[in-house]
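Taking full-length UniProt numbering, I'd label the letters of the sequence shown as residues 1 to 236.
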Amino acid sequence: MKATLTVLTILISILSFSQTKVYKSPNGKILSQEEYKKAKISSLENMKKMLGADYELYEKLEVSKKTNSSILYSFEWEFLNEEMHAEKLVLEKLLGTKIDFKNLNFLVHNEKNNVDYKKPTFVNFWFTTCPPCIEELPALNELKNKYQDKINFVSITFDSSEKVEKFLTKYEFNFIHIVGEKDFINSHGFNGYPKTFLLDKNQILKSVTGSLPSKKDENAYNVQMKLMEEALQKLL
């Protein structure tokens with residue numbers, strides 16, 4: 001019996017090593033294993049030059065398709081420094097927990113009645129003097145306009161109602177706004193902004209993402225918007 005198991009283990013190992021591994025990027029490009037390795041190295045080198053030497057590449061791999069001869073992986077990369085990675089680990093622990101915001105301080109008090117708690121909810125954490133928060137506003141408004149009948153769109157900030165009201169005279173941000181909630185935000189253990197929480201129909205946190213790109217980088221914008229829309233579709 002032990003001999004049979006040993007032979008099976010060896011055969012499985014041989015088969016796994018003989019399978020061709022290919023990788024599919026978020027924009028659909030297919031890379032060979034060698035191309036993937038080279039792309040990781042060059043991308044990390046470039047990001048270290050742009051962001052700093054303390055940044056590292058963190059990859060997420062998922063098997064998309066498997067045959068006897070090949071394995072297709074879908075991959076995503078994140079470039080984070082040590083502090084950002086630590087924050088990410090904290091946020092990952094929140095996944096699967098309920099995010100209850102119904103009793104928070106709404107900018108327009110009766111707007112809390114416009115939240116349908118039987119729908120999924122897109123929650124954006126931001127503040128008025130945050131440049132990347134402002135840069136992602138066109139993307140946020142686009143998503144809201146497209147999915148507003150199926151998904152709640154709520155923003156939460158530690159800024160006062162006065163600051164938010166002044167901000168909204170200059171910028172279009174068509175969400176339901178919650179203001180002055182520093183303690184609520186701090187209780188979730190993150191410092192980087194903006195942050196987006198995607199909640200299912202039971203207000204259970206399903207995913208956490210950072211900022212969406214501005215339209216200045218059309219390719220990055222299209223790729224990230226596609227990924228976000230795929231995430232939203234999973235909630236419906």
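Glycine included, each C-beta is placed from N, C-alpha and C at the ideal position.
As the structure is a prediction and not an experimental result, all values here were calculated from the model.
On the criterion of 16 or more Cβ atoms from any shown chain inside 10 Å, does K195 qualify as buried, or is it exposed? Here residue 195 corresponds to residue number 195 of the sequence shown, with the count starting at 1. The C-beta of K195 has 16 or more other C-beta atoms within 10 Å across all chains shown, which makes the residue buried.
Going by DSSP in three states, K118 sits in which element: helix, strand or coil? Against the sequence shown, residue 118 aligns to sequence position 118. In the three-state scheme derived from DSSP, where H, G and I count as helix and E and B as strand, K118 is classed as coil.
Assuming the contact rule is C-beta atoms closer than 8 Å, T128 and V90 should be a hit. Round their C-beta distance to whole Å, please. Numbered from its first residue, the sequence shown carries residue 128 at position 128. Numbered from its first residue, the sequence shown carries residue 90 at position 90. Contact flag wrong, Cβ pair sits at about 25 Å.
Could you check where the beta strand (DSSP E) with I176 kicks off and where it finishes? By 1-based counting over the sequence shown, the position of residue 176 is 176. Annotation for I176: the continuous beta strand (DSSP E) segment containing it runs 176-178.
Tell me the residue span of the alpha helix (DSSP H) that contains S161. Here residue 161 is taken as the residue at index 161 of the sequence shown, counted from 1. Note, S161: alpha helix (DSSP H), 161-168.
Comparing C-alpha positions only, which one of G189, I151, S211 sits nearest to Q233? Translated into positions along the sequence shown, residue 233 becomes position 233. A check of alpha carbon separations from Q233 across G189, I151, S211 identifies I151 as the nearest.
In whole angstroms, what is the alpha-carbon distance linking Q224 and Y23? One-based indexing of the sequence shown puts residue 224 at position 224. One-based indexing of the sequence shown puts residue 23 at position 23. Rounded to the nearest angstrom, the two C-alpha atoms are 18 Å apart.
Under the rule that 16 or more other beta-carbon atoms within 10 Å means buried, what is residue 237, buried or exposed? The chain is shown only over 1 to 236; residue 237 falls outside these bounds and no answer can be derived.
With distances taken Cα to Cα, identify the nearest neighbour of E59 among F190, W77, Q148. The count along the sequence shown starts at 1 and reaches residue 59 at position 59. It is W77.
For K146: DSSP bridge partner residues: Along the sequence shown, one-based indexing puts residue 146 at 146. In the DSSP output, where bridge partners are listed per residue, K146 has none listed.
Best match in W126, V108, D149, L236 for proximity to F184 [C-alpha to C-alpha]: Start at 1 with the first residue of the sequence shown, and residue 184 comes out as number 184. When C-alpha distances from F184 are compared across W126, V108, D149, L236, the shortest belongs to W126.
Just the Cα atoms here: how many angstroms apart are L61 and T67? Stepping through the sequence shown from its first residue, residue 61 is reached at position 61. Stepping through the sequence shown from its first residue, residue 67 is reached at position 67. Roughly 17 Å separates the two Cα atoms.
What is the residue span of the beta strand (DSSP E) that I71 lies within? For this step, residue 71 is matched to residue 71 along the sequence shown. Its beta strand (DSSP E) spans residues 70-80.
So K119 and K201 are in contact, right, with Cβ under 8 Å, and what is the actual spacing, rounded? Here residue 119 is taken as the residue at index 119 of the sequence shown, counted from 1. Here residue 201 is taken as the residue at index 201 of the sequence shown, counted from 1. Yes, they are in contact, since the Cβ atoms of K119 and K201 sit about 6 Å apart, within 8 Å.
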